[in-house]
Amino acid sequence: MSKTLVIVESPAKARSIGKFLGNKYKVLASMGHVRDLPKSQLGVDVEQSYKPKYITIRGKGDTIKELKSAVKKADKVLLASDPDREGEAIAWHLLKLLDIDESEPCRIEFNEITKQSIQNAVKRPRPIDEKRVDAQQARRILDRLVGYKLSPLLWRKVRKGLSAGRVQSVAVRLICDREEEIDAFVPEEYWTLTARLTKKGQNPFEAKLHRIGKNKAEVPSQEKMDGIIADLKGASYRVDKITRREKNRQPSPPFITSSLQQEAYRKLNFTARKTMMVAQQLYEGIELGKEGPAGLVTYIRTDSVRVSETAIAEVRDYIGGKFGNSYLPATPRRLTARKKAQDAHEAIRPTAVSREPEAIKGFLTAEQYKLYKLIWSRFVASQMSPAVIDTTSVDILAKDYTFRATGSIVKFNGFMQVYIESTDDGEKEKDNILPELAEGDLLEARKLTPKQHFTQPPPRYTDATLVKALEEKGIGRPSTYAPIVETILKRGYVVRESKQFYPTELGMIVVKLLKDHFRDIIDVEFTAEMEEKLDDVEDGEQDWVRLLDDFYRPFDTTLNRAEEEIGRVDIADQVTEEICEQCGRNMVIKMGRYGKFLACPGFPDCRNTKPLLEPTGVSCPRCSGELVLRRSKKGRAFYGCSNYPDCDFVVWDRPSNEKCPQCGGITVVKKVRGKEEHRCVDANCPAGVKARGSGEKTAAAASKSETRDKEAAKQKKRAGKAAGPAAKKSSKAASGTGKAAKTKKTVKAKVAL
């Protein structure tokens, strides 16, 4: 029987597609890219039209052998990698490696892994899109030229092991520039005044000082505030003006890549990388019991909010049947992509809106369920009726002072029945219910509350706000946001503390060096223009070799000049009072992959290192030690006792000297909806942090992945069942519970997260 070979990137995708194609098709996975530029050399001949030297990726031998064997047995080959530049490049490399005719219509695309989409795609194969491949090659070579030419300069001038990237360096610059803004910020004092007012027989409400005379109320000091309060003593309060209006609040559009990463961070605390990893699983397909594998969402790398007419009709039928016609607009909402969007794919949406999150929850992991529910809810809400909100604004006169009270009531919840978008500061809209008032009503002031404030510097970037800034400034594309964030963390140029990005000293030095000598590389506008030129290559409006040449020739000249001008940049080590117990020298602070640590300056004669313990000033509740900041092997910050391993007390959140009002124990500071709250570390206390399992991990265990722990436990259980008592005994000894391993056993702390 003749068969058609279909090649995709992953086994999960292969299983899902194979289900829809039947016995006449064989589906295999290439496991991503099969060829790439060599790691050990530049791999680009700049004198021969930037010809790349591609080699087979190490470890792909067996996969390629299997694919070549399958190609020989097949009558037809279809390349079904992802529908973007990277996917087109994977298909092109496969075509070259498997000796497929370049003119052969062998490329198929689909935006969702559903039966109809897959069956339609195999009927419409096309040749490889050379322009899209050129755009991907140009990006890859650009990044290689910058990385492999500029990084060695940093090694010679600053420190071994550094790297500079065409896009990652701009992201680091954004974070460094923000830190400089924060350092230069001078806070200014200002005061607000809140009046607690009441009308006879009504509940009290609050109003804030809004104007003084005809000018906006600006109170810069306590002295001026004291004068205002003294002037208001004995004043009568009268309702001067009431403004009522009804406003419609429109739903948010369905997700694109950047908005999904931002909202998953805000609502689910997912990093950009985690969001894309879980979203890819949902796209490639999940086993749904008797239904088999099914792709749950459409393609996840997109910058368009456009939705197909079929999907709109489906979701409108669902809304009308589920919520009633009052929740269904008279006409569908048809959204268009922003001006600079490529608009190659639909917005991210469920492949079948009838597949409700709760109905398939049992087939999903906790993370898959949360992200699928987020995507499903946002899409359904995007086609629902707007919410109707009644707003009331009341101006109250007291002498020459105007106080203003505002309130709102949700008259009709509309799309809010399903979904409400979060904000970056974590604040949610509050409904302030005002009593029945009429113009001319006299009010009684029960209390005047002055409050001192200081202007705040711009906030540091988080995962959500950094991705938002990259998108707004045109840096990178949907597929690159997550890798950018992960790369700058991995290189040690920034660290993530309390969900915020801080530049390291190393990051600041490298950015300054690039600003001084490579302005284009670090320039936001230049990088954004380069992204547009790469888009032009894909559209056939720009030659990719000319693009590379226009960039490289000036860059090479600048590189040679910088080599001569830049002197050696020494990053002086900070000497500490900590004494090396091996040689007696004062240890110094070094920057490693996972942050700062203590090292002996006598290296290589003395190789002693220690973790850097940053004191918090909070005493350990178990012993006489102090809680200090530590880091796990994965770089995550936690707080443990300085007497470890004798005392293994540890908490993830920053400890505070404020005692718990319920039990008198220590508290930790948690951010809840953008505000800091103190929570007791005792999970049994009413004010305690919600328990997670049996308690906190110790400093040793904190470095291990929870997933690995669970998998090891499952393997141990399976081994015990399979081999009986003898295997259980062996497993027990191997896991460290036997007699020989008892001395290495880690004692877990009994403190809940």
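Numbering of the sequence shown is given in my numbering, commencing with residue 123 and proceeding in unit increments.
Don't be surprised by glycine CBs; every beta carbon is placed ideally from N, CA and C.
- Of all C-beta pairs linking the region 489–509 to the region 529–541, three or more are shorter than 8 angstroms, placing the two stretches in contact.
- At a cut-off of 4 residues, the continuous stretches assigned as alpha helix (DSSP H) that sit fully inside the region 620–697 are 627–639, 641–644, 646–660 and 666–687.
- With respect to the 9 angstroms criterion, T126 and D221 are not classified as neighbours on the basis of their beta carbons.
- Between the alpha carbons of L559 and R333 lies a distance of about 20 angstroms.
- By a beta-carbon distance limit of 8 angstroms, A604 contacts A394. Their separation comes to about 4 angstroms.
- For I597, no beta strand (DSSP E) segment is defined, and its DSSP state is neither H nor E.
- Burial state of P342 is exposed, judged by a 10 Å Cβ sphere holding fewer than 16 other Cβ atoms.
- DSSP links Y312 through a beta bridge to H575.
- Scanning its chain for C-beta atoms nearer than 6 angstroms, with the 5 sequence neighbours on each side dropped, one finds around T524 the residues H332, R333 and D517, in chain order.
- Taken through DSSP and simplified to helix, strand or coil, N337 comes out as strand.
- It is roughly 10 angstroms from the alpha-carbon of I240 to the alpha-carbon of S138.
- Under the DSSP definition of a beta bridge, V268 lacks any partner.
- Not a single unbroken stretch of the beta strand (DSSP E) spanning 3 or more residues falls wholly within the region 245–304.
- The Cβ atoms of R366 and T545 do not sit closer than 9 angstroms to each other.
- Contact between V289 and T649 holds: their C-beta atoms lie close to 6 angstroms from each other, under 8 angstroms.
- For R668, the number of other beta carbons within 10 angstroms of its own is below 16, and it is reported as exposed.
- For G349, the enclosing alpha helix (DSSP H) has its first and last residue at Q344 to L354.
- According to the DSSP assignment, D184 belongs to the alpha helix (DSSP H) that extends over G183 to K195.
- Using a C-beta cut-off of 8 angstroms, the region 249–264 makes contact with the region 206–215, since at least three inter-stretch Cβ pairs fall below that distance.
- Counting every other CB atom within 10 Å of its CB across the protein chains shown gives A134 a total of 16 or more, marking it as buried.
- By the CB criterion at 9 angstroms, A243 and E231 fall inside the cutoff.
- Between V400 and Y491, the alpha-carbon positions lie close to 10 angstroms from each other.
- As for any beta strand (DSSP E) of minimum length 3 sitting wholly inside the region 712–786, the runs are 717–721, 731–733, 736–741, 748–753, 759–763 and 776–781, ordered along the chain.
- When rounded, the separation of the alpha-carbon atoms in T453 and R438 is 10 angstroms.
- The criterion of a C-beta distance shorter than 9 angstroms is not satisfied by C763 and C785.
- Per DSSP, E368 lies in no alpha helix (DSSP H) segment; the continuous beta strand (DSSP E) that holds it begins and ends at Y359 to R371.
- DSSP places R471 outside both helix and strand once states are collapsed to three, so it counts as coil.
- Classified as buried, I378 has 16 or more neighbouring CB atoms from the shown chains inside 10 Å of its CB.
- Around the beta carbon of F327, 16 or more other beta carbons lie within 10 angstroms, which makes this residue buried.
- The way I'd put it, the region 146–157 does touch the region 185–199; three or more beta-carbon pairs between them come closer than 8 angstroms.
- Short of 6 angstroms from the beta carbon of E608, and not among the five residues preceding or following it, lie these beta carbons of its own chain, in chain order: R395.
- By the beta-carbon neighbour count (other beta carbons within 10 angstroms, threshold 16), P767 is exposed.
- Here L450 carries a coil assignment [DSSP, helix/strand/coil].
- At a Cβ-Cβ threshold of 9 angstroms, V691 and N708 do not count as neighbours.
- A straight line joining the alpha-carbon of V292 with that of I644 spans about 5 angstroms.
- Around the Cβ of A435, a 10 Å sphere holds fewer than 16 other Cβ atoms; the residue is exposed.
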